[in-house]
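S.K.: The sequence shown begins at 173 in this note's numbering and counts up by one. Built from N, CA and C at the ideal position, the CB exists for glycine as well. The structure under discussion is supplied below as structure tokens; questions concerning it will follow.
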Amino acid sequence: MNRTFALKGDIIFSQTPQTLAVHPSHYAVCEDGICVGVFTQLPKQFAEIPVMDHSGKLIIPGLTDLHAHAPQYAFRSLGMDLELLDWLNAQTFPQEARYQDLDYACRAYSIFVDDLRRSATTRAALFGTLHVPATHILMQMLEESGLETFVGKVNMDRNSPDVLCEADAQSSLEATRIWLAGCQDLKHCLPILTPRFLPSCTDALMEGLHRLQQETGLPVQSHLSENQGEIAWVRELCPEARGYGDAYDRFGMFGGCPTIMAHCVWSDAEERARMKQNGVFIAHCPQSNINLSSGAAPARTYLDEGMHIGLGSDIAGGTHLSILRAMADAVQSSKLRWRLLDQSLSPITLPEAFWMGTRGGGAFFGKVGAFEAGFAFDAVVLDDSDLPSPLDLTPEERLTRIIYLSDDRAVIHKYVDGRKLF
Ligand code: GUN
Ligand code: FE
């Protein structure tokens, strides 16, 4: 397919965390899948390229979901009255155990991949389950979807029910190698090492995963400092560690290679400094943090301290797959934190949430999340004509409405790396 073309419309992207670049009726030029820039008129050397005219529509960068559990999409919104650890035991583990059954895995994952493909998300970092065949099925579907994703076969060899627990570190590591061998031909859905979280991995498993990371150079994702009950448990399990992040760091599993830690609701100054030093990406998942009574993460602090931070739906801790919705949730959660917890920190703004959902999380994938020269051309065309208004709204106001209404029906076209998905 020809990956050199221009999109015309009302183009919006983040310039900095605080400022949006708004270009009404401009051209975003894509050459071989890479963004050349945004122009009032087509530059001479591009006079002959195809132009897709979306005048009157909004064009934004594709969104990144930095943390979601693909197998949990099937039961999203059920059992939301529990806190994290009870929810894992009562809902999540029994549900994930179903992915032993490949018929079920095919049905469940095809629904998830279809919905992700239709959404405004172009890139995602996803958890599978511990099952190798089901995780391969998920990855093959994603590979064919046109999206750019990372997927992890989950490692868990303790503190889990028999139906969802690997026998020991050795068998978990062997399964991981078999899984990796089956990922070699994939180009758009790549493997990421995925110890579920510290309570579900023995020391021997963490040590083995560290060795595997060193050998393969693969990225890593896990959960960190999400919920008070979980943090107290980690303190019991690792009394020698200075904190949750330190417990990962002792195994060499806390950055130094591309690493995502989901949640970070309760990370103290020492943990934050270590994340910053080690280049760890924070996946901020505000809706999940509300649903599972985890809290309100200090997003303002993370932005002010210049941390890598993106947004995650955390399906099914979060019920909504939409990263537009995650942007609105991030602002609302930050406002509650400011009002109820810490009035010295101002709430984050919508442009800051938009930045996290585009450039912030996109940076995990490279130059992603803006229409600047050299960035991957990931674009979403939004049609808000089903949201009539008597007001004369600016492009920025129209985008704000779409974010707060978080309706994927507004997404009419999507491009990833200059490839048109629909
Ligand atoms: N911590 C360990 N596993 C999970 C999970 O599946 N969801 C969330 N939100 N936190 C976790
Ligand atoms: Fe999660």
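Looking only at C-alpha atoms, which of Pro363, Leu310, Val194 sits nearest to Ile283?
M.R.: Nearest option by C-alpha distance: Leu310.
S.K.: Taking 8 Å as the cut-off, does the region 485-505 touch the region 527-542 (at least 3 CB pairs, one atom from each stretch)?
M.R.: Touching, per the Cβ criterion.
S.K.: Do Gly428 and Pro446 come within 8 Å of each other at the CB atom, strictly closer than that value?
M.R.: Checking the displayed sequence, the identity of residue 446 turns out to be Arg instead of Pro. Contact flag unset, no.
S.K.: Distance, Cα to Cα, Leu409 vs Asp273?
M.R.: Taking the straight line from one Cα to the other gives about 32 Å.
S.K.: Find out if the Cβ-Cβ distance for the pair Ser332, Ser372 is shorter than 8 Å.
M.R.: Going by C-beta atoms, Ser332 is nearer than 8 Å to Ser372.
S.K.: Please state the DSSP three-state secondary structure of Arg581.
M.R.: The answer is helix: DSSP assigns Arg581 an H, G or I state.
S.K.: Count the other C-beta atoms from every protein chain shown that fall within 10 angstroms of the C-beta of Ser460, then say buried if there are 16 or more, exposed otherwise.
M.R.: Its Cβ being crowded by 16 or more others within 10 Å, Ser460 is buried.
S.K.: Of all the options Thr301, Ser343, Asp253, Pro363, which has the alpha carbon lying nearest to the alpha carbon of Thr321?
M.R.: Among Thr301, Ser343, Asp253, Pro363, the Cα nearest to that of Thr321 belongs to Pro363.
S.K.: Do Asp418 and the ligand GUN come close, with the Cβ less than 7 Å from some heavy atom?
M.R.: Because no heavy atom of the ligand GUN lies under 7 Å away, the Cβ of Asp418 does not count as near it: no.
S.K.: Going by Cα to Cα distance, which pick from Ile454, Leu319, Gln244, Glu442 is closest to Pro430?
M.R.: The candidate whose alpha carbon is nearest that of Pro430 is Ile454.
S.K.: Would you kindly work out how many angstroms separate the C-alpha atoms of Gly490 and Leu554, rounded to a whole number?
M.R.: Approximately 24 Å, taken between the alpha carbons.
S.K.: Measuring CA to CA, which of Phe177, Glu315, Ala242 is closest to Val210?
M.R.: Residue Phe177 is the option with its Cα nearest to Val210.
S.K.: Can you list the alpha helix (DSSP H) stretches of 4 or more residues lying completely in the region 315-352, in chain order?
M.R.: The region 315-352 contains no whole alpha helix (DSSP H) run of 4 or more residues.
S.K.: Between the Cα of Asn327 and the Cα atoms of Asp476, Leu250, Gly228, Ala339, which residue gives the shortest distance?
M.R.: For Asn327, the nearest C-alpha among the options comes from Ala339.
S.K.: Select from Asp204, Pro519, Ile575 the residue whose C-alpha is nearest the C-alpha of Asn174.
M.R.: Selected option, being the one with the closest Cα: Asp204.
S.K.: Which partner residues of Tyr276 appear in the DSSP bridge assignment?
M.R.: Note: Tyr276 sits in no beta bridge, so no partner.
S.K.: When the Cα of Pro305 is compared with those of Pro470, Ser506, Leu298, Tyr271, which residue comes out closest?
M.R.: Nearest of Pro470, Ser506, Leu298, Tyr271 to Pro305, Cα basis: Tyr271.
S.K.: Which residue wins for smallest C-alpha separation from Arg422, given the options Leu370, Trp405, Ala404?
M.R.: Residue Leu370 is the option with its Cα nearest to Arg422.
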